[in-house]
Amino acid sequence: MMSFFMALFVLIMQFLWKFIEDIIGKGVGALVIMEMFFYKSVSLFPLALPIAVLLASVMVMGNLAERYELSSFKSAGVPLTRILAPLLGLSTVIGLFSFYCSNTIIPIANLKYQSRLYDIRNQKPTLSIEPGVFNEDFHGYSIRVGKKHKDKETIEDIMVYDDSQRSKGRLNVVTAQKGKMYVSQDDGAFVMTLYDGYQYAEADGQGRPNAKPFMISHFNEWTRRFDLGEFDLDRTEEEQFKSHHTMKSARQIASEIDTMNEQIAIARASNHTPYVLLSDSLSKSTPINDGIERDTSEVTILERGLKGSRVVIENSKAVSRYTQMKAFLDSMDVSMATSVMQVLPASLQREFKGQMNSKISIAKSTIDRTDRTIQRLELNKRKHTYELHWKFSLAAACIVMLFIGGPMGTIVRKGGFGYPLLVSIFFFTFFLMSNISSKKLNDAQKLPPVLAAWLPVILLCVISAILTYKALQDSKIMDMDRFKAMFGKWRSALKLKSA
């Protein structure tokens, strides 16, 4: 348990370091921050459990090796695999618990955490009126205070800009040499009272374009109440975050992936429609006017040309890939119809060519729009697939970490929080960096989502296989004597060559 809480503490500190600027200075209550930290801690359980298994296994096996209890087991004929068997059972239980957290608890915790973080990020900073600085926290007003007394209420050299008339180009400023500011105990409003001051305002010209009346008025006391409700934390509806892939269980993600596959198939199939509509419109949009002399040979050429256009366009339905269809449209022009239109009057040529260009332009824009839809669905599908397999890979990492920590404990032969903690930090950093890198590669569409989710575990499996083999053979990870001997031979050979 201690190793688990240590790993959880490190992960929470990483989160705090990343989002500290979004939290401080917002005047958010301690209970809200504690609530957000609690939900974030719960969401980090699956990531902290493999680290806890690693640290605990290094400490346990290191203690056994340091006290020569492991040597006694081996002398009695008990192999290392049998010693690790109970730990393997416990790691399997921890892995199942990790998947349960990822599948059941984490979606709820992520939903609560993201909504709280969103509210805090969009929360206005606490009201802080500093001397000599214009404060624009209140909507429609800019306030400058020249000096604040120690009682935090008495102020001097005050200037208040009313920005509500700025859009109309009118000035409205209130100045005073002395005043007070405080929070009302009745309704919690921020009250600013100014004494012996002036108000400068530009009035309405009342329909006279060149008239610019300016009003200066003196007052003995001027009071303005500001509502502090806009500084309160607004709770966002959690429903708007539920569509995110981190807020769903494995069953929901699998169902969402099936839905996206259907949407992608429908979007790709819809790319055939512009060609069919275009071919139909081409065959019907250019009738021969009765007033034109119908030369049989010319009409035959025209009908053959239209029929050929229809065949070429309808043949595009056989193209299975979207890129091939789009390339066909990009390369298509009206050159086929050019020779046909030579038999028509100039007015009909312009009409026919305009209709052709219009239909092709519509088809291109439709396919471009469908292309963007498919790309968005494909990226969303990648993220959902990665999230689905990541839930299983974190559970498997709990088992793999045992076969890293156990052999490392037998090799370093140290217990406690010294060497085990150092070893755990190294592999924890490697595991965390590989997770971040694989996730970024998946988002950049450089790796398949399944491989990206399982890549950290695959790398850990390779390391665990090497360490387990070394531990079973009772051999060192790196034989320094062997390296020294090789280095000595290499240095002697260099001396002989130079001589």
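Convert by adding 33 to the 1-based position in the sequence shown; the result is the number in the numbering used here. Every residue, glycine too, gets a C-beta built ideally from N, C-alpha and C. From a predicted model like this one, the values you see are computed outputs, not experimental measurements.
Enclosing alpha helix (DSSP H) for residue i [first to last residue]
i	result
residue 501	482-505
residue 289	283-302
residue 235	It is not in any alpha helix (DSSP H) - residue 235 instead sits in the beta strand (DSSP E) that spans 223-235.
residue 71	63-76
residue 175	Looking at the DSSP string, residue 175 is not in any alpha helix (DSSP H); the run it does join, the beta strand (DSSP E), is 174-181.
residue 466	452-476
Three-state class that DSSP yields for residue i in the structure shown
i	result
residue 164	strand
residue 129	helix
residue 383	helix
residue 101	coil
residue 276	coil
residue 79	helix
residue 119	helix
residue 220	coil
residue 428	helix
residue 159	Low confidence applies to residue 159: its pLDDT is 48, below 50, so where it sits in the model is not reliable, and the reading given next is rough at best. Coil at residue 159, not helix or strand.
residue 111	coil
residue 13	The displayed coordinates of the chain run from 34 to 532. Any statement about residue 13 would go beyond what the structure contains.
residue 446	coil
residue 184	coil
Residue span of the beta strand (DSSP E) that contains residue i, given as start and end
i	result
residue 137	No beta strand (DSSP E) contains residue 137, which DSSP labels as neither H nor E.
residue 195	187-195
residue 248	247-259
residue 208	205-216
Length of the line joining the Cα atoms of residue i and residue j
i	j	result
residue 73	residue 131	15 Å
residue 213	residue 421	59 Å
residue 399	residue 142	41 Å
residue 407	residue 480	18 Å
residue 89	residue 498	19 Å
residue 190	residue 219	27 Å
residue 518	residue 417	53 Å
residue 379	residue 289	56 Å
residue 47	residue 146	16 Å
residue 203	residue 210	23 Å
residue 316	residue 388	Low confidence applies to residue 316: its pLDDT is 45, below 50, so where it sits in the model is not reliable enough to give any reading.
residue 468	residue 486	8 Å
residue 38	residue 75	12 Å
residue 529	residue 523	10 Å
residue 36	residue 298	48 Å
residue 29	residue 282	With the chain covering 34 to 532 only, the question about residue 29 has no answer from this structure.
residue 216	residue 260	10 Å
residue 104	residue 121	20 Å
residue 13	residue 296	The chain is shown only over 34 to 532; residue 13 falls outside these bounds and no answer can be derived.
residue 205	residue 236	9 Å
residue 182	residue 457	55 Å
residue 345	residue 381	Summary for residue 345: the model assigns pLDDT 38, below 50, so the residue's position carries little reliability; its value from the coordinates is reported in the next sentence. Taking the straight line from one Cα to the other gives about 23 Å.
residue 463	residue 163	46 Å
residue 495	residue 401	45 Å
residue 52	residue 475	24 Å
residue 71	residue 64	10 Å
residue 473	residue 222	47 Å
Integer Cβ distance of residue i from residue j, believed to fall under 8 Å
i	j	result
residue 489	residue 426	7 Å
residue 437	residue 460	6 Å
residue 431	residue 86	5 Å
residue 258	residue 224	5 Å
Own chain, CB closer than 6 Å to residue i, minus 5 neighbours either side, in chain order
i	result
residue 256	226
residue 149	69
residue 78	134
residue 117	439
residue 453	91, 92, 95
residue 493	433
residue 167	175, 177
residue 40	81, 84, 85
Sequence-distant residues of its chain with Cβ nearer than 7 Å to residue i (five each side left out)
i	result
residue 174	193, 194, 195, 196
residue 249	231, 233
residue 286	278, 417, 420, 421
residue 127	82, 86, 431
residue 303	403
residue 80	44, 427
residue 446	95, 98, 99
residue 284	none
residue 521	none
residue 477	none
Spatial neighbours of residue i in its chain, beta-carbon cut-off 8 Å, leaving aside the 5 residues before and after
i	result
residue 294	414
residue 300	403, 406, 407, 410
residue 186	213, 214, 215
Contact test: residue i Cβ vs the ligand ZN heavy atom, cutoff 7 Å
i	result
residue 479	Although the ligand ZN was asked about, the structure shown includes no ligands whatsoever.
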